[in-house]
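To start, the structure itself, in structure tokens.
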Amino acid sequence: MNRWNDFVIGTEEKRRNRDKFDLLTTVHKAEYGRIQRPLNKKTGQPIEPAHKFEVNLEGDSFTKEKYDVFLKYQLQIHKDPASRWKESAFKRFLCAGLDRKILKMNGKTLKLGSYHQCYRLDGRLVAVGVLDLLPHAVSSVYLFYDPEFAHWDFGKISALREIALALEGHYEYYYMGYYIHSCIKMRYKARFGPSYLLDPESFEWNLFDDKYRSELDKRKYVCPSHDRKYGIASNETHDSATSNTASSDAEIPEGSLFDFQIPGVLSKDEVKRLDLDHWRLLVRNALIELEDLRGWEDWKIDDPGSIKGIAAELIAATGPKLLQNSALALF
Numbered sequence: 001m002n003r004w005n006d007f008v009i010g011t012e013e014k015r016r017n018r019d020k021f022d023l024l025t026t027v028h029k030a031e032y033g034r035i036q037r038p039l040n041k042k043t044g045q046p047i048e049p050a051h052k053f054e055v056n057l058e059g060d061s062f063t064k065e066k067y068d069v070f071l072k073y074q075l076q077i078h079k080d081p082a083s084r085w086k087e088s089a090f091k092r093f094l095c096a097g098l099d100r101k102i103l104k105m106n107g108k109t110l111k112l113g114s115y116h117q118c119y120r121l122d123g124r125l126v127a128v129g130v131l132d133l134l135p136h137a138v139s140s141v142y143l144f145y146d147p148e149f150a151h152w153d154f155g156k157i158s159a160l161r162e163i164a165l166a167l168e169g170h171y172e173y174y175y176m177g178y179y180i181h182s183c184i185k186m187r188y189k190a191r192f193g194p195s196y197l198l199d200p201e202s203f204e205w206n207l208f209d210d211k212y213r214s215e216l217d218k219r220k221y222v223c224p225s226h227d228r229k230y231g232i233a234s235n236e237t238h239d240s241a242t243s244n245t246a247s248s249d250a251e252i253p254e255g256s257l258f259d260f261q262i263p264g265v266l267s268k269d270e271v272k273r274l275d276l277d278h279w280r281l282l283v284r285n286a287l288i289e290l291e292d293l294r295g296w297e298d299w300k301i302d303d304p305g306s307i308k309g310i311a312a313e314l315i316a317a318t319g320p321k322l323l324q325n326s327a328l329a330l331f
């Protein structure tokens, strides 16, 4: 954050107040409307910053400017084909969120709904944070940025800016969204603390500390409530943990449903002939088609850990008629 502030403000103010860190001061320091402009001793004129940096919160409406930045991001950062992200797909994905309204609660006035937090440098849109503002939290949905600015770590900059929004807007919590420990691109989320991860079984919040990270390094699946319930030691593997609970929990064999040739269940080849691509998925009160999900083309229907695998197994077990008049909702 300090590095970005130095870039925006320029060398005149570069070394001032670097020995202290205050979140709100640091986050707003480089914003054009808040920059202090000392007088130039030679000219007597205010010293302008090297760049004009502006951040504004606006509705999640579609603009060509946003779409152009999004498309560059998906193509260059995620290596998606251009054919996958037409304007209509972008609108469904990030411009059709929650209805916006104002809520007055306990003496506070809160903005609610889906918003785009737009970051502009010298008038140019360089990044957009997609947010859901909830009665109790600021929820980070997605971030995309111009790849030319990738070296500025906008994931960190936007997270700090969104934490500031939660504090200043009197929202109680900040949700950083999904965390996948094996995904390098998500590791930056683990650097913010104190933070908590939602328990996958009990839906309780657990402190995400060094011990928790260590467990994720050792095991593919970590569930603190499960470990506490069955007294699983930290040095036990997931396999040994499973054996400890076999007497009380029904054993679910590993692998895909298609591996077991269950009578009445469609085969993998039969499911492949169905139109899963256009089955609808409920996301934040909006319906999108499964083919619009990032990674859909790469996922396999016999991978039970992917959304495509989950959808395929559901259709295999319930039958193809379910595709016609239904939408998929994942909890």
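Take full-length UniProt numbering: the last position of the sequence shown gets the number 331, and nothing is skipped along the way. Each residue gets a CB set at the ideal place from its N, CA and C atoms; glycine is no exception.
Residue range 286–289 is occupied by the beta strand (DSSP E) that includes A286. The alpha carbon of G59 has as its nearest neighbour, out of L131, N40, Y73, the alpha carbon of L131. Counted as a single uninterrupted DSSP element, the stretch harbouring H51 is not any alpha helix (DSSP H), since DSSP gives it neither H nor E.
Going by DSSP, A30 is part of no beta strand (DSSP E) at all; its letter is neither H nor E.
The straight-line gap separating the alpha-carbon atoms of K156 and N106 is approximately 31 Å. For V8, the CB contacts under 7 Å within the same chain, skipping 5 residues up- and downstream, are A30, P49, A50, H51, F53 in chain order. The DSSP assignment places 101–105, 108–121, 124–134, 137–145 as complete runs of the beta strand (DSSP E) inside the region 98–151, in order along the chain (cut-off: 3 residues). Measuring C-alpha to C-alpha distances from S140 to each of A150, D153, F149, Q117 identifies Q117 as the nearest. CA-CA distance, G97 to R284, rounds to 6 Å. Closest option to S61, judged by alpha-carbon separation, among N40, P38, R92: R92.
Here F258 has K268, D302 as same chain residues with Cβ atoms under 6 Å from its own Cβ, once five neighbours each way along the sequence are excluded. When Cβ pairs closer than 8 Å are counted between the two stretches, the region 164–178 is seen not to touch the region 145–153, the count staying below three. Between the region 119–130 and the region 304–315 there are fewer than three C-beta pairs closer than 8 Å, too few to call the two in contact. In the three-state DSSP reduction, R294 falls in the coil class, being neither helix nor strand. Here DSSP, grouped into helix, strand and coil, assigns L274 to coil.
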